[in-house]
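To start, the structure itself, in structure tokens.
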Amino acid sequence: MQVSFDNLHKAFENRVRLGIMSALAVNDYLDFNSLKEFLDVTDGNLATHLKKLEQLEFIGIEKSFVDRKPNTKYFVTPKGRQAFEAHLQVLEGIIKAQK
Amino acid sequence: MSPQSEHLQDLAEIRAMMERSSKFLSLSGLSGVLAGCYALGAAWVSANVFEFNPTSMAYTLNAEHEQGLVLTALATLVLAVLSAILLSWRKAQKKDEKIWNATTRRVVTNVSIPLIAGAVLSISLLQNDLVGLIAPITLLFYGIALYTAGSYTYHDIKYLGIIQIVLGLLACWFVQWGVLLWAIGFGLMHIVYGATMHFKYER
Chain Z
173 MQVSFDNLHK
183 AFENRVRLGI
193 MSALAVNDYL
203 DFNSLKEFLD
213 VTDGNLATHL
223 KKLEQLEFIG
233 IEKSFVDRKP
243 NTKYFVTPKG
253 RQAFEAHLQV
263 LEGIIKAQK
Chain U
235 MSPQSEHLQD
245 LAEIRAMMER
255 SSKFLSLSGL
265 SGVLAGCYAL
275 GAAWVSANVF
285 EFNPTSMAYT
295 LNAEHEQGLV
305 LTALATLVLA
315 VLSAILLSWR
325 KAQKKDEKIW
335 NATTRRVVTN
345 VSIPLIAGAV
355 LSISLLQNDL
365 VGLIAPITLL
375 FYGIALYTAG
385 SYTYHDIKYL
395 GIIQIVLGLL
405 ACWFVQWGVL
415 LWAIGFGLMH
425 IVYGATMHFK
435 YER
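Taken in order, these protein sequences are the chains called Z and U. Under the numbering used here, read the first sequence as residues 173 to 271, first letter to last. Under the numbering used here, read the second sequence as residues 235 to 437, first letter to last.
Following this line, the structure appears as structure tokens:
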């Protein structure tokens, strides 16, 4: 079976971005701190990757206030979900093909 | 690293992240066993010390015994909750995870709502002398809470929830067996479930 590596989206080459997408795929919303805890990364690192995914329109942002403190929630957009699922399928295909 | 093993690792990490971020997996099995022991103790004290053995739904308790029963119930609850928090905290520490995260908050909210509703209903039943219904009602609401929790933690907890619901419903018809069914549900079933979880996931 011939599987194209081109279908592996460049955005998911990075482990942090892959982690963000995995966590958001199974949660309606996650805020910055929860993501940070699950991924175990620094603020700056996480912010950079979130920004990148936001630019790609893979994730959306909802800003609100909790006890007067700003609180940012992240969620997967339909476009992001599609790209992530396609990525998973390609990964699966590659592994099956090489077995 | 070969590209294949890299992809395999990617998939493993995706799976782990999906599970970690959506399920509360620090729940300790041993705390279930302890809760079961407290419940058996509480059932014994209620039946033998405070002569709690209602034979019909409407049943009057003497005031002194009523106070003792409420205190026994509260003490059991506090002990069970403290053991669960302490042992789950220790389990999370071992796995190098924080116990209080987005997933824990979700489990706690989802479980609290049916439990608080059940607790308020039980207080009203006690005040109205419908004492025979308290054992079935606590079993029922606890079962519903566990069934809900099953979506956010180990799936197996759903079965425990269903068993509690069935015992609760049975106890509505067989009020005279209320204390026994309560002891089976909160005591025996907790011990069986906790031990199963301990050997299945913590070894």
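Beta carbons are placed, not taken as given, at the ideal position from N, Cα and C, and that holds for glycine. This structure is a prediction, so every number in the text was calculated from the model and none was measured.
**Request:** Work out the CA separation of residue 275/U and residue 312/U for me, nearest whole Å.
**Result:** Answer to the nearest angstrom: the Cα atoms are 14 angstroms apart.
**Cβ pair residue 423/U, residue 367/U closer than 7 angstroms** = In this structure, the beta-carbon distance from residue 423/U to residue 367/U does not fall below 7 angstroms.
**Request:** Determine, using beta carbons only, whether residue 191/Z comes closer than 7 angstroms to chain U.
**Result:** With its beta carbon less than 7 angstroms from one in chain U, residue 191/Z belongs to the interface.
**Prompt:** Are the beta-carbon atoms belonging to residue 249/Z and residue 233/Z less than 7 angstroms from one another?
**Reply:** The Cβ-Cβ distance between residue 249/Z and residue 233/Z does not fall below 7 angstroms.
**Message:** Determine, for residue 251/U, whether the minimum Cβ-Cβ distance to residues of chain Z falls below 7 angstroms.
**Reply:** By the rule that beta-carbons nearer than 7 angstroms mark a contact, residue 251/U touches chain Z.
**Request:** Under 7 angstroms between beta-carbons, which chain Z residues line up against residue 429/U? List them in chain order, please.
**Result:** Within chain Z, no residue has its CB atom less than 7 angstroms from the CB of residue 429/U, the nearest being about 29 angstroms off.
**Every unbroken alpha helix (DSSP H) within the stretch 387-424 of chain U, with a cutoff of 4 residues, ordered by chain** = Look at the stretch 387-424 of chain U and you find these whole runs of alpha helix (DSSP H), each 4 residues long or longer: 391-407, 412-416.
**Prompt:** Around the Cβ of residue 265/U, are there at least 16 other Cβ atoms within 10 angstroms (buried) or fewer (exposed)?
**Reply:** Counting C-beta atoms within 10 angstroms of its own C-beta, residue 265/U has 16 or more neighbours from the protein chains shown and is therefore classed as buried.
**Asked** Taking Cβ-Cβ distances shorter than 7 angstroms, what residues in chain Z pair up with residue 459/U?
**Response** Lying before the first or after the last residue shown, residue 459/U is absent from chain U, which here runs from 235 to 437.
**Request:** Taking all protein chains shown into account, decide if residue 325/U is buried (16 or more other Cβ within 10 angstroms of its Cβ) or exposed.
**Result:** Label assigned to residue 325/U: buried.
**beta strand (DSSP E) runs contained entirely in the stretch 173-241 of chain Z, provided each spans 3 or more residues** = With a minimum length of 3 residues, the continuous beta strand (DSSP E) runs that stay inside the stretch 173-241 of chain Z are 231-238.
**Message:** In the DSSP assignment, the alpha helix (DSSP H) including residue 348/U goes from what residue to what residue?
**Reply:** Segment 336-361, the alpha helix (DSSP H) holding residue 348/U.
**Request:** Look up residue 243/Z in the DSSP assignment and say whether it is helix, strand or coil.
**Result:** Note: residue 243/Z maps to strand in three-state DSSP.
**Item:** Residue of 269/Z, 258/Z, 266/Z, 267/Z minimising C-alpha distance to residue 193/Z
**Value:** When the alpha-carbon of residue 193/Z is set against those of 269/Z, 258/Z, 266/Z, 267/Z, the nearest one is in 258/Z.
**Request:** Go ahead and label residue 174/Z buried or exposed: buried means 16 or more other beta carbons lie within 10 angstroms of its beta carbon, across all protein chains shown.
**Result:** The predicted position of residue 174/Z is uncertain, since its pLDDT is 44 and thus under 50; a value taken from the coordinates is nonetheless stated next. Exposed, since its Cβ has fewer than 16 Cβ neighbours within 10 Å.
**Prompt:** Closest Cβ-Cβ distance between residue 213/Z and chain U: below 7 angstroms?
**Reply:** Residue 213/Z does not count as touching chain U.
**Request:** Determine the closest residue to residue 415/U out of 390/U, 372/U, 389/U, 379/U, with distance taken between C-alpha atoms.
**Result:** Of the listed residues, the one whose Cα sits closest to residue 415/U is 372/U.
**Item:** Within-7 angstroms CB hit, residue 332/U to chain Z
**Value:** Closer than 7 angstroms: yes.
**Request:** Counting only the same chain and skipping the five closest in sequence on each side, list residues whose C-beta sits under 7 angstroms from that of residue 412/U.
**Result:** Excluding positions up to five away in sequence, the list reads 288, 366, 369, 370, 405.
**Item:** Close Cβ partners of residue 337/U (< 7 angstroms) along its chain, the five nearest in sequence each way excluded
**Value:** Counting only Cβ-Cβ distances below 7 angstroms, and skipping sequence neighbours, we find 255, 256, 257, 258, 386.
**Request:** Provide the residue(s) that pair with residue 293/U in DSSP beta bridges, ordered along the chain.
**Result:** Per the DSSP secondary-structure output, residue 293/U pairs in a beta bridge with 364/U.
**Message:** Need the endpoints of the alpha helix (DSSP H) that residue 253/Z sits in, please.
**Reply:** For residue 253/Z, the enclosing alpha helix (DSSP H) covers residues 250-270.
**is_contact[residue 210/Z, chain U] using C-beta, thresh 7 angstroms** = It does; some Cβ of chain U falls within 7 angstroms.
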